[in-house]
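Student: Shown below is the structure under consideration.
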Amino acid sequence: MKIKWIPTALLLLLIFLVSCTPNETAPSEISLPENIPAYVQPSDFEAIDWDKKAMKFGEAGIIGNENKSGVIGVDAPSLTTQKWMWHVWGIEQNLDTKLTVVGVHKDLQIVHPILTDGWTIGLSGPVNGADAHAPSHVKILQPGQWAILLYVNEQLFDVLIYDINE
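Each residue of the sequence shown is one higher than the last, beginning at 73 in the working numbering.
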């Protein structure tokens, strides 16, 4: 039996090259913007549960994670600037309590400030049953699924998953 070395070698080379090609469907690594607060870590994004969607709860129409955090205004999502009111439960609110809001787009892996005035705002006192709240203007860059990471006083507090399609 005569072996055809050239076609066999070419076939093996082709198999090797295909197996060494990077997987195009693998998620890209998230890069953080230069001006993002130092306490926001890449590992915070790795722990996002994209299946844990924010839900509507309470009489005020808050959408979020019940008894943790939520937003009034997100039920009319838009790619134009709009007003949202953030609510958090389970914190001791004082005059220096800060809320940092970081958004990441699931498919594009874009990390971006959601607040129009930067990354962080101050929290005010109780409202709608929450321990603290803050009104703000927000801007969503692209339609799609967004994870909103909330940090209270520089500590990751909660993650809200919203579909923004308009």
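Note that the Cβ used here is the ideal one computed from N, Cα and C, for glycine as well.
Is the separation between the beta-carbon of Val160 and that of Ala132 shorter than 7 Å?
Tutor: Here residue 160 refers to the residue found at position 88 of the sequence shown. Here residue 132 refers to the residue found at position 60 of the sequence shown. For Val160 and Ala132, no; Cβs fall outside 7 Å.
Student: Cα-Cα, which of Ile120, Ser141, Ile233 is closest to Trp158?
Tutor: Residue numbering aside, residue 158 sits at position 86 when the sequence shown is read from its first letter. Trp158 has its Cα closest to that of Ser141, out of Ile120, Ser141, Ile233.
Student: Take Glu138 and list the residues in its own chain whose beta-carbon comes closer than 8 Å to its own, dropping the five residues that flank it on each side.
Tutor: As a position in the sequence shown, residue 138 is number 66, starting the count at 1. Met127, Phe129, Gly130.
Student: Would you kindly report the start and end of the unbroken alpha helix (DSSP H) that includes Ser141?
Tutor: As a first step, residue 141 must be located in the sequence shown, where it is residue number 69. No alpha helix (DSSP H) holds Ser141; the beta strand (DSSP E) holding it covers 141–144.
Student: Could you check if Trp156 is buried or exposed, using at least 16 other CB atoms within 10 Å of its CB as the buried criterion?
Tutor: As a position in the sequence shown, residue 156 is number 84, starting the count at 1. Trp156 comes out buried.
Student: What ranges does the beta strand (DSSP E) occupy inside the segment 100–179, keeping only unbroken runs of at least 3 residues that lie completely in it?
Tutor: Fully enclosed beta strand (DSSP E) runs of 3 or longer: 127–129, 134–137, 141–144, 154–160, 170–177.
Student: Keeping to the same chain, check which residues put their C-beta closer than 7 Å to that of Asp230; ignore five residues upstream and five downstream.
Tutor: Position 158 of the sequence shown, counted from the first residue, corresponds to residue 230. For Asp230, where only same-chain residues beyond five positions count, the Cβ hits under 7 Å are Asn137, Lys140, Ser141, Leu222.
Student: Beta strand (DSSP E) containing Thr192: first to last residue?
Tutor: Within the sequence shown, the letter at position 120 stands for residue 192. It spans 192–194 - the beta strand (DSSP E) in which Thr192 sits, taken as one unbroken run.
Student: With H, G and I counted as helix, E and B as strand and the rest as coil, what does DSSP make of Asp230?
Tutor: Here residue 230 refers to the residue found at position 158 when the sequence shown is read from its first residue. Asp230: strand per DSSP, three-state reduction.
Student: Nearest-angstrom Cα distance between Pro109 and Thr188?
Tutor: Position 37 of the sequence shown, counted from the start, is the residue given in the question as residue 109. Position 116 of the sequence shown, counted from the start, is the residue given in the question as residue 188. Approximately 16 Å between the Cα atoms of the pair.
Student: I'd like the list of long-range same chain contacts for Leu83, defined as Cβ closer than 6 Å, with 5 residues on each side in sequence excluded.
Tutor: Taking the sequence shown and counting its residues from 1, the one referred to as residue 83 is at position 11. In this prediction, Leu83 has a pLDDT of 49, which is less than 50 and means its spatial position is unreliable; nothing more can be read from the coordinates.
Student: Just tell me which of Val173, Lys211, Glu238 has its CA closest to the CA of Asp116.
Tutor: Walking along the sequence shown from the start, residue 116 turns up at place 44. Measuring from the Cα of Asp116, the nearest candidate turns out to be Val173.
Student: From this set, His184, Asn200, Gln165, which residue's C-alpha is nearest Pro283's C-alpha?
Tutor: No answer is possible for residue 283: it lies beyond the span of the chain, which begins at 73 and ends at 238.
Student: Would you mind working out which of Ile163, Ala148, Gly145, Val112 sits nearest Pro198, comparing C-alpha positions?
Tutor: Here residue 198 is taken as the residue at index 126 of the sequence shown, counted from 1. The shortest C-alpha separation from Pro198 is found at Ile163.
Student: Mind checking Ile233: buried by the 16 CB within 10 Å criterion, or exposed?
Tutor: As a position in the sequence shown, residue 233 is number 161, starting the count at 1. Buried, by the Cβ-count rule.
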